[in-house]
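Residue numbers (our numbering), protein chains in the order written: chain S, 34 to 280; chain D, 430 to 651. Just so it is clear, CB atoms sit at the ideal spot from N, CA and C, and this is done for glycine as well. A short write-up of the structure that comes next.
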């Protein structure tokens with residue numbers, strides 16, 4: 034299988050980037066997208082050229098590191114999928130594949146396809162935890178939690194912080210990420226005690242980091258590898274208003 | 430902690446937008462009088478218009494309406510400026526039509542077209558009838574200002590007919606996204622409710638678009 038990669042190359046945050054073409058042969062349909070990029074990098078090493086910088090870790094769809102924009106979609110042409118779970122069988126022989134880094138003011142480019150997503154970490158630091166010391170793991174059913182609530186909290190907790198929501202959003206809004214992290218804990222009895230403070234401080238940090246407002250285009254929930262529903266953002270809005278009244 | 434501009438500004442845009450949605454229902458309902466035969470329509474329309482101008486309650490609502498339009502426009506502009514700053518560099522290739530609707534991505538453009546329409550619409554009617562600017566409006570046989578004739582005369586001009594009718598298209602798209610999005614911004618997050626709301630928004634947008642679009646044509650061909 035032969036494809037032409039057009040990949041964004043940028044030396045550093047300050048330098049100007051550009052799309053560069055790389056024709057590559059010897060790929061198979063069973064290769065993952067990241068393996069195809071590995072294959073390209075091996076060729077670049079043999080030619081003595083500088084390799085393309087891109088991020089990955091687990092390669093099994095759970096770490097959220099491998100975020101890149103492929104052919105006009107976050108994580109490639111499929112809905113709700115990470116880049117590492119994308120395979121070359123999703124492309125045709127001879128295809129041109131454009132690969133760009135996440136684009137957002139709050140996610141500055143470090144090099145090539147690697148961006149700095151530490152803005153997410155700083156949002157987390159503002160309250161995506163409970164401050165009570167819990168000691169060792171307690172008996173699982175010590176606090177009864179209805180199944181519907183546990184399920185809804187787990188659905189929100191599934192967010193892997195990949196940044197596809199910000200990347201795909203025309204406003205670079207981090208609302209889906211922040212909402213998932215707020216709702217996950219606010220739904221549970223352990224998180225309820227600090228719910229108003231958590232909501233206010235995490236949403237405030239989201240503002241401080243320079244993300245945009247959510248205008249409910251719905252792109253984020255289509256690109257989210259965990260399929261986190263956009264209703265989480267509406268719920269965060271409700272929680273924000275509640276925190277202003279009762280917090 | 431201060432009000433969070435990311436959420437506060439959107440809340441104001443949504444709240445004023447939903448108020449304007451209610452206003453449109455009243456406005457279209459009243460304008461349906463124009464679809465009736467001329468003798469009935471003139472009498473009803475002029476007396477209705479008189480009631481609107483004289484009722485103290487409607488006066489309060491009218492000021493609320495002016496304020497809503499201004500707040501909606503100003504805050505939507507602030508939200509848009511901030512959002513553009515958050516994404517200054519666009520993708521070289523972006524297939525965003527595969528993950529979001531056209532209307533949801535173009536609310537600013539659609540809103541700007543509607544604002545242009547509102548300014549022209551106010552110059553056509555409000556300025557003449559309420560402010561007394563331009564050509565004087567005559568009285569009808571019952572002693573009411575003949576607002577019907579103002580409308581009728583305007584819609585004898587094919588360019589105005591086309592302008593009013595075509596502008597109902599961006600209005601419909603704007604309302605389709607605005608109604609359902611506004612509820613979510615104000616914190617309505619019931620999943621089944623939101624699915625129903627999406628359908629209601631579509632029906633509402635269609636009724637408003639077709640309703641406002643058809644009236645100038647009906648008056649023109651009357």
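Exposure of residue 228(S), with buried meaning 16 or more beta-carbon neighbours within 10 Å: Burial call: buried.
Pick from 511(D), 544(D), 650(D) and 572(D) that is closest to residue 435(D), judged by C-alpha positions: Comparing Cα-Cα distances from residue 435(D) to each of 511(D), 544(D), 650(D) and 572(D), the minimum goes to 511(D).
Residue 620(D) vs residue 264(S) beta-carbon contact at 8 Å: Cβ distance < 8 Å, so residue 620(D) and residue 264(S) count as in contact.
Minimum Cβ-Cβ distance from residue 49(S) to chain D less than 8 Å: It does not; no Cβ of chain D falls within 8 Å.
Start-end ranges of the alpha helix (DSSP H) lying completely within the segment 172-231 of chain S, minimum 4 residues: Taken in chain order, the complete alpha helix (DSSP H) segments of 4 or more residues contained in the segment 172-231 of chain S are 180-190, 197-201, 208-219 and 222-225.
Short-range partners of chain D found in the segment 92-112 of chain S, where Cβ spacing is below 7 Å: Residues passing the 7 Å Cβ filter: 102, 104, 105 and 106.
Residue span of the beta strand (DSSP E) that contains residue 51(S), given as start and end: Start and end: 51-57.
The alpha helix (DSSP H) enclosing residue 438(D), as first and last residue numbers: In the DSSP assignment, residue 438(D) falls within the alpha helix (DSSP H) that extends over 434-460.
Option nearest residue 156(S) by Cα separation, candidates 244(S), 111(S) and 164(S): The shortest C-alpha separation from residue 156(S) is found at 244(S).
Simplified DSSP state of residue 651(D), which is helix, strand or coil: Looking at residue 651(D) - three-state DSSP - the assignment turns out to be coil, as it is neither helix nor strand.
Neighbouring residues, chain D, relative to residue 273(S) (Cβ below 8 Å): Correct list: 433, 436 and 616.
Contact between the segment 209-227 of chain S and the segment 175-188 of chain S (3+ Cβ pairs under 8 Å): Contact between the segment 209-227 of chain S and the segment 175-188 of chain S is established, with three or more Cβ pairs separated by less than 8 Å.
Proximal chain S residues relative to residue 511(D), where beta-carbon distance stays under 7 Å: Chain-ordered, the chain S residues with CB closer than 7 Å to the CB of residue 511(D) read 245 and 246.
Straight-line Cα distance separating residue 502(D) from residue 622(D): Each residue's Cα considered, the two are about 28 Å apart.
Own chain, CB closer than 8 Å to residue 598(D), minus 5 neighbours either side, in chain order: The residues are 638 and 642.
Limits of the unbroken alpha helix (DSSP H) element including residue 589(D): Residue 589(D) -> alpha helix (DSSP H) spans 587-614.
Residue-chain proximity (residue 138(S), chain D), Cβ-Cβ < 8 Å: Yes, contact with chain D.
Buried versus exposed call for residue 645(D) [16 or more other C-beta atoms within 10 Å across all chains shown]: Buried.
Exposed unless 16 or more other CB atoms sit within 10 angstroms - verdict on residue 210(S): If you draw a 10 Å sphere on the C-beta of residue 210(S), you find 16 or more other C-beta atoms in it, and that means buried.
Residue-level contact to chain D via CB, residue 164(S), 8 Å cutoff: No, no contact with chain D.
Short-range partners of chain D found in the segment 50-64 of chain S, where Cβ spacing is below 8 Å: Correct list: 52.
Where residue 145(S) falls, given that 16 or more other Cβ within 10 Å makes a residue buried: Result: buried.
Partners in chain S for residue 520(D), counting only beta-carbon separations shorter than 8 Å: Simply 102, 105, 133 and 136.
Exposure of residue 106(S), with buried meaning 16 or more beta-carbon neighbours within 10 Å: Residue 106(S) comes out buried.
Within chain B, the residues that residue 610(D) reaches when beta carbons sit closer than 8 Å: No chain B appears in this structure, whose protein chains are S and D.
Contact set for residue 98(S): own chain, Cβ-Cβ below 8 Å, skip 5 residues either direction: Hits under 8 Å: 88, 89, 90, 91 and 195.
DSSP-derived helix/strand/coil call for residue 266(S): Helix.
Supposed close pair residue 197(S), residue 256(S) - CB separation, criterion 8 Å: The beta carbons of residue 197(S) and residue 256(S) sit about 4 Å from each other, so the pair counts as a contact at 8 Å.
Chain-ordered neighbours of residue 508(D) on chain S, where CB pairs are closer than 7 Å: Under the 7 Å cutoff, chain S gives 246.
Simplified DSSP state of residue 41(S), which is helix, strand or coil: Taken through DSSP and simplified to helix, strand or coil, residue 41(S) comes out as strand.
Element boundaries [beta strand (DSSP E), containing residue 62(S)]: Taken as a continuous stretch (DSSP letters only), residue 62(S) belongs to no beta strand (DSSP E), as it is neither H nor E.
Residue-level contact to chain D via CB, residue 239(S), 8 Å cutoff: At a cut-off of 8 Å, the C-beta of residue 239(S) has a neighbouring C-beta in chain D.
Where the alpha helix (DSSP H) containing residue 132(S) begins and where it ends: From DSSP, residue 132(S) is part of no alpha helix (DSSP H) but of the beta strand (DSSP E) over 129-133.
Selected residue, minimal CA-CA separation from residue 247(S), among 433(D), 432(D) and 439(D): Taking the Cα of residue 247(S) as reference, the smallest distance to any Cα among 433(D), 432(D) and 439(D) is reached at 439(D).
Stretch pair the segment 561-580 of chain D + the segment 464-478 of chain D: three plus CB contacts closer than 8 Å: With the cut-off at 8 Å, the segment 561-580 of chain D and the segment 464-478 of chain D touch.
Residue 127(S) versus residue 38(S) - alpha carbon distance: The alpha-carbon separation between residue 127(S) and residue 38(S) amounts to approximately 10 Å.
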